[in-house]
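Peer 1:
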Amino acid sequence: MTATITEARPALAGRDAYRDELTRIAGEDPRVLCLEADLGGKNHPFQRAHPDRFFNLGIAEGAMVDMAAGLAVGGYRPFLSTFAPFAALRAAESLKLTLGYLNAGVTVVAPYAGVSGAWFGTTHHCLEDLAVLRSVPGVTIAAPYGEAEMRAVVRAAARSGKPYYIRTGRNAAYTSLPGQDDELPLVAWDSAGGEGEPCLVSVGEEGTRLALEARERDPGLAHAHLVYLDHDHLARAAAELAGRHSRFVVVEEHRREGGVAEALALLMPRCEVVGVNAGHDWPAEGGDHHEVMARLGFDLPAVLSAASRLRAP
Amino acid sequence: MTVLTDVLEPVDSGPATGQDLLAERAREARRLVVDMAASPRGCHLGGSLSVLDILIASLHRASSGDGTEMVLSKGHAAAGLYAALYVNGVLPENPAPLYGMAGHPYTGHPGPKVPGVRFPTGSLGHGVPYAAGWALSRRLGGKPGLGIAVTGDGELQEGLVWETCQVAAAQRLGNFVLVVDRNGGQNDGMVADVSPLPELAARFAAFGFETAEVDGHDLAALTAVLSGDRTEATRPLAVVADTVKGKGVPAVEGKAASHYVTIDAARAAKWKRAIR
Chain A
734 MTATITEARP
744 ALAGRDAYRD
754 ELTRIAGEDP
764 RVLCLEADLG
774 GKNHPFQRAH
784 PDRFFNLGIA
794 EGAMVDMAAG
804 LAVGGYRPFL
814 STFAPFAALR
824 AAESLKLTLG
834 YLNAGVTVVA
844 PYAGVSGAWF
854 GTTHHCLEDL
864 AVLRSVPGVT
874 IAAPYGEAEM
884 RAVVRAAARS
894 GKPYYIRTGR
904 NAAYTSLPGQ
914 DDELPLVAWD
924 SAGGEGEPCL
934 VSVGEEGTRL
944 ALEARERDPG
954 LAHAHLVYLD
964 HDHLARAAAE
974 LAGRHSRFVV
984 VEEHRREGGV
994 AEALALLMPR
1004 CEVVGVNAGH
1014 DWPAEGGDHH
1024 EVMARLGFDL
1034 PAVLSAASRL
1044 RAP
Chain B
1263 MTVLTDVLEP
1273 VDSGPATGQD
1283 LLAERAREAR
1293 RLVVDMAASP
1303 RGCHLGGSLS
1313 VLDILIASLH
1323 RASSGDGTEM
1333 VLSKGHAAAG
1343 LYAALYVNGV
1353 LPENPAPLYG
1363 MAGHPYTGHP
1373 GPKVPGVRFP
1383 TGSLGHGVPY
1393 AAGWALSRRL
1403 GGKPGLGIAV
1413 TGDGELQEGL
1423 VWETCQVAAA
1433 QRLGNFVLVV
1443 DRNGGQNDGM
1453 VADVSPLPEL
1463 AARFAAFGFE
1473 TAEVDGHDLA
1483 ALTAVLSGDR
1493 TEATRPLAVV
1503 ADTVKGKGVP
1513 AVEGKAASHY
1523 VTIDAARAAK
1533 WKRAIR
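First to last, the protein sequences are chains A and B.
For what it's worth, the working numbering labels the leading residue of the first sequence as 734, then goes sequentially.
For what it's worth, the working numbering labels the leading residue of the second sequence as 1263, then goes sequentially.
1. Less than 6 Å between C-beta atoms, sequence neighbours within five positions excluded: which residues of the same chain meet that for A1482 of chain B?
2. Rounded to a whole number of angstroms, what is the C-alpha to C-alpha distance between A1300 of chain B and V920 of chain A?
3. Going by DSSP, what residue range makes up the beta strand (DSSP E) through W1396 of chain B?
4. Tell me whether K1336 of chain B is buried or exposed, calling it buried when 16 or more other Cβ atoms sit within 10 Å of its Cβ.
5. Name the chain A residues that come within less than 7 Å of E1425 of chain B, Cβ to Cβ?
6. Quick one: complete beta strand (DSSP E) runs, 3+ long, within the stretch 1410-1474 of chain B?
7. Examine the Cβ distances between the stretch 939-949 of chain A and the stretch 964-981 of chain A and report whether three or more of them are shorter than 8 Å.
8. Using a 10 Å radius around the Cβ and a threshold of 16 neighbouring Cβ atoms, would you call G992 of chain A buried or exposed?
9. If we cut at 8 Å on Cβ distances, does G937 of chain A have a partner in chain B?
10. If you draw a straight line from the C-alpha of G791 of chain A to the C-alpha of Y898 of chain A, how long is it?
11. Where does A1346 of chain B sit, in a helix, a strand or coil, going by DSSP?
12. Compile a chain-ordered list of the residues in the stretch 882-902 of chain A whose CB is closer than 9 Å to at least one CB of chain B.
13. What residues from chain B crowd round E930 of chain A, counting only those whose CB sits closer than 7 Å?
14. State the Cα-Cα distance for the pair A1521 of chain B and G1414 of chain B, rounded to the nearest angstrom.
15. Should P1016 of chain A go down as buried or exposed, given a rule of 16 or more other Cβ atoms within 10 Å for buried?
16. Got a sec? Which residues, its chain only, sit under 6 Å from W1533 of chain B by beta carbon, not counting five neighbours each side?
17. Starting from the N-terminal side, write out each stretch of the beta strand (DSSP E) that is 3 residues or longer and does not extend beyond the stretch 913-945 of chain A.
18. Looking at A1423 of chain B: is its Cβ nearer than 8 Å to the Cβ of V1501 of chain B?
19. Could you pull out every unbroken beta strand (DSSP E) segment of at least 3 residues lying fully inside the stretch 1304-1382 of chain B, listed in chain order?
20. Considering only their Cβ atoms, is the gap separating A750 of chain A from R884 of chain A smaller than 8 Å?
21. Using the Cα positions of R900 of chain A and G773 of chain A, report the straight-line distance between them to the nearest angstrom.
22. Let me know the secondary structure DSSP gives L813 of chain A once reduced to three states.
23. Contact criterion: CB-CB distance below 8 Å. Does A801 of chain A meet it with respect to chain B?
24. Tell whether a beta-carbon distance below 8 Å holds between Y1397 of chain B and L1408 of chain B.
25. Considering just the uninterrupted stretch of the alpha helix (DSSP H) at H978 of chain A, what are its terminal residues?
26. Should V1456 of chain B go down as buried or exposed, given a rule of 16 or more other Cβ atoms within 10 Å for buried?
27. Which value, in whole angstroms, describes the spacing of the CA atoms of E973 of chain A and D914 of chain A?
28. Could you pull out every residue in the same chain whose Cβ sits closer than 6 Å to the Cβ of A1540 of chain B, ignoring the five residues on either side in sequence?
29. Could you name the residues of chain A that L1314 of chain B contacts, counting a contact when the two beta carbons are closer than 8 Å?
30. Per DSSP, which residues does T873 of chain A bridge with? Please list them.
31. Spatial neighbours of A1518 of chain B within its chain, please: C-beta separation below 8 Å, excluding the five flanking residues on both sides.
32. By the 10 Å Cβ neighbour count, where 16 or more other Cβ atoms means buried, how is T873 of chain A classified, buried or exposed?
33. Are the C-beta atoms of A736 of chain A and some chain B residue less than 8 Å apart?
34. With the cut-off set at 8 Å, would you say A793 of chain A and E1494 of chain B are in Cβ contact?
35. Please check if any C-beta of chain A sits within less than 8 Å of the C-beta of F1471 of chain B.
36. Could you name the residues of the stretch 822-840 of chain A whose beta carbon sits closer than 8 Å to any beta carbon of chain B, in the order they occur along the chain?
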């Protein structure tokens, strides 16, 4: 089934698109279950449509992941969701065992990734999840940008029966990139760029937004968007990237260590790879999402500056 | 607190599954555990022997073919699990000579490469939600069978255990059973000294569980308490089984030092002869 995104209504935020798509999939696949740890909201569409397969397990993230393992081994395809810091960090050992060692067909959908929690503070930020999950073999990691890409990733996860970790934000919605209604390309080329120009590599919602804005400001830049971020996908994406460009700026709302820039630098040893990311600081002040990002040095001037430095002789 | 052993019917003990047969399986399994203590690796002997009768009874229920899954959450008692699986005919080979050896799956904590084992345990607490998830999968499919988690008492110091008890009670998972191997010991000493668990059955009752307290070496009592068809039950069941560390091997019975033991072949032979 492919999603049809009508232009008549605003795009859905990542987690709303996940809920809506999973609700539709569950209508066709009785194995699909929806688990929440009390952060799914009071009007969850899956709960309305399939109340017998929806479980708010309470504030119990570790138990939720492990119970999902039991459900997967018992023949079901559980999708579970809670905020990224609680999924990827509090329940990290459960993810290692369930998604990694057991290779169970469990999908974890993690909103509030990066600093999308903004003024809620550091406990509700997660700038470390890619480092954790990328180190667990066998997990498909995705950070979709826009409604169409999220829907496509959720469908892929449901089809595969393999472990997935899907990272998304809070309530912001993003206009989908073209051509992403079904099979997602390994590398989505937004702009081929000029001859010899640096190539922006965008990751996740805000990383992609910043790359799109940077390319608008500086049309010579190339821009490639990656949705899948696990090692296997990145290794293949790196081959495609290095076949076209030699200098890259990776834009990701994550710590410098353990993110995609580090991985691509290792995978493309003959290329120059720099990162624009959230660095090392702990945001301890309020502000909206963009203001907190800016406090971390993760903003449009940083992207433009990094690209400019790559051009310097 | 409900002491179910007072009210349940005795286990159906046909000639092939009678208590004598289960007792013989337990003795044979204890001899295998001693063999594993005599391996180059040694093993968690005391806890493997304390939990053995619980494992024999749980596997007896699982062998009924009704979809019951037993998860040994106190995974450090892997030697006991391998021995119990072998005497139940689940393993294709005697695990004792292969315990901890390269090229074989019989690691010091069990994982899903061992025949009959579906979940990795040893990091304490995780087996409880694995079994609860299994129980939920049975209920969702309208199928019989229990999810049985076998824990240690020291293991109950892990928050994940109680987190899962909260969930299981809220979800009315009547086919989820948690059996505590209450041997009183843990790695660095006695549970009562390190972090005591007074009024344990009452704790589970307060969570909304049915509870039973049994002699954890009484195979008839264990098989009885695990024999119920809980398809219609709406409260999970906690079985607090009092056990003795090192049970069945007089040289180590009741001794805290039996937690992890490495012995030579001569001592193993002597200890095995003493198993009755």
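Think of the CB as a built atom: it goes at the ideal place given N, C-alpha and C, for glycine as much as any other residue.
Peer 2: The structure says:
1. Against the second sequence, residue 1482 of chain B aligns to sequence position 220. The answer, listed in chain order, is Q1281.
2. What you label residue 1300 of chain B is simply residue 38 of the second sequence in a count that begins at 1. What you label residue 920 of chain A is simply residue 187 of the first sequence in a count that begins at 1. Here the C-alpha atom of A1300 of chain B lies approximately 56 Å from the C-alpha atom of V920 of chain A.
3. Residue numbering aside, residue 1396 of chain B sits at position 134 when the second sequence is read from its first letter. From DSSP, W1396 of chain B is part of no beta strand (DSSP E) but of the alpha helix (DSSP H) over G1389 to L1402.
4. Translated into positions along the second sequence, residue 1336 of chain B becomes position 74. Buried, since its Cβ has 16 or more Cβ neighbours within 10 Å.
5. On the second sequence, position 163 is the one that residue 1425 of chain B refers to. Under the 7 Å cutoff, chain A gives A793, G795 and A796.
6. Taken in chain order, the complete beta strand (DSSP E) segments of 3 residues or longer contained in the stretch 1410-1474 of chain B are 1438-1444.
7. As far as the Cβ criterion goes, the stretch 939-949 of chain A does not touch the stretch 964-981 of chain A, which means the pair count is below three.
8. Numbered from its first residue, the first sequence carries residue 992 of chain A at position 259. Classification of G992 of chain A: buried, given that the 10 Å Cβ count is 16 or more.
9. Taking the first sequence and counting its residues from 1, the one referred to as residue 937 of chain A is at position 204. Residue contact with chain B for G937 of chain A: absent (no Cβ-Cβ distance below 8 Å to any residue of chain B).
10. Translated into positions along the first sequence, residue 791 of chain A becomes position 58. Translated into positions along the first sequence, residue 898 of chain A becomes position 165. Cα to Cα, the separation comes out at about 21 Å.
11. For the purposes of this step, residue 1346 of chain B is taken as residue 84 along the second sequence, with counting starting at 1. In this structure, A1346 of chain B counts as helix in the three-state DSSP scheme.
12. Of all residues in the stretch 882-902 of chain A, none has a C-beta nearer than 9 Å to a C-beta of chain B.
13. Within the first sequence, numbered from 1, the residue matching residue 930 of chain A stands at position 197. Close partners of E930 of chain A in chain B (Cβ separation under 7 Å) are lacking, with about 49 Å as the shortest Cβ gap.
14. The residue you call residue 1521 of chain B lines up with position 259 of the second sequence. The residue you call residue 1414 of chain B lines up with position 152 of the second sequence. Correcting the residue type first, residue 1521 of chain B is His in the shown sequence and not Ala. Inter-residue distance for H1521 of chain B and G1414 of chain B is about 12 Å (C-alpha atoms, whole angstroms).
15. As a position in the first sequence, residue 1016 of chain A is number 283, starting the count at 1. With 16 or more other Cβ atoms inside 10 Å of its own Cβ, P1016 of chain A counts as buried.
16. Within the second sequence, numbered from 1, the residue matching residue 1533 of chain B stands at position 271. If we look at W1533 of chain B and ignore the five residues flanking it on each side, its Cβ neighbours are V1296, V1511 and A1513.
17. You should have 921-924 and 932-936.
18. In the second sequence, residue 1423 of chain B corresponds to position 161, counting from 1. In the second sequence, residue 1501 of chain B corresponds to position 239, counting from 1. Here residue 1423 of chain B turns out to be Val, not Ala, going by the sequence shown. When the beta-carbon positions are compared, V1423 of chain B and V1501 of chain B stay at least 8 Å from each other.
19. If we require 3 residues or more, the beta strand (DSSP E) runs fully inside the stretch 1304-1382 of chain B come out as 1331-1334.
20. To locate residue 884 of chain A, count along the first sequence from 1; it is residue 151. To locate residue 750 of chain A, count along the first sequence from 1; it is residue 17. Yes; because the gap between Cβ atoms is below 8 Å, this pair is in contact.
21. Here residue 900 of chain A corresponds to residue number 167 of the first sequence, with the count starting at 1. Here residue 773 of chain A corresponds to residue number 40 of the first sequence, with the count starting at 1. Going by C-alpha positions, R900 of chain A is about 15 Å away from G773 of chain A.
22. As a working mapping, residue 813 of chain A is identified with position 80 in the first sequence. Strand, per DSSP.
23. If you number the first sequence from 1, residue 801 of chain A lands on position 68. A801 of chain A counts as touching chain B.
24. Counting from one through the second sequence, the residue named residue 1397 of chain B turns up at place 135. Counting from one through the second sequence, the residue named residue 1408 of chain B turns up at place 146. Correcting the residue type first, residue 1397 of chain B is Ala in the shown sequence and not Tyr. In this structure, A1397 of chain B places its C-beta atom within 8 Å of the C-beta atom of L1408 of chain B.
25. Translated into positions along the first sequence, residue 978 of chain A becomes position 245. No alpha helix (DSSP H) contains H978 of chain A, which DSSP labels as neither H nor E.
26. Along the second sequence, one-based indexing puts residue 1456 of chain B at 194. Exposure of V1456 of chain B is indicated by the presence of fewer than 16 other C-beta atoms within 10 angstroms of its C-beta.
27. Counting from one through the first sequence, the residue named residue 973 of chain A turns up at place 240. Counting from one through the first sequence, the residue named residue 914 of chain A turns up at place 181. Distance between the alpha carbons of E973 of chain A and D914 of chain A is about 22 Å.
28. Since the first and last residues shown for chain B are 1263 and 1538, residue 1540 of chain B lies out of range.
29. Indexing the second sequence from 1 puts residue 1314 of chain B at position 52. Under the 8 Å cutoff, chain A gives no residues; its nearest Cβ is about 24 Å from L1314 of chain B.
30. Locating residue 873 of chain A in the first sequence gives position 140, where the first residue counts as 1. Partner(s): A:Y897.
31. By 1-based counting over the second sequence, the position of residue 1518 of chain B is 256. Correct list, in chain order: G1308, G1447, G1451, M1452 and K1507.
32. Translated into positions along the first sequence, residue 873 of chain A becomes position 140. Under the 10 Å beta carbon count, T873 of chain A is surrounded by 16 or more other beta carbons and is classified as buried.
33. As a working note, residue 736 of chain A is residue 3 in the first sequence. Below a pLDDT of 50, predicted positions are generally treated as unreliable, and A736 of chain A, at 45, falls in that range; no measurement from the model is reported.
34. Residue mapping note: residue 793 of chain A aligns to position 60 of the first sequence, counting from 1. Residue mapping note: residue 1494 of chain B aligns to position 232 of the second sequence, counting from 1. No, the pair does not count as a contact, with Cβ atoms beyond the cut-off.
35. To locate residue 1471 of chain B, count along the second sequence from 1; it is residue 209. Not an interface residue.
36. Taking a C-beta cut-off of 8 Å against chain B, the contacting residues of the stretch 822-840 of chain A are E826, S827, L830, Y834 and L835, listed in chain order.
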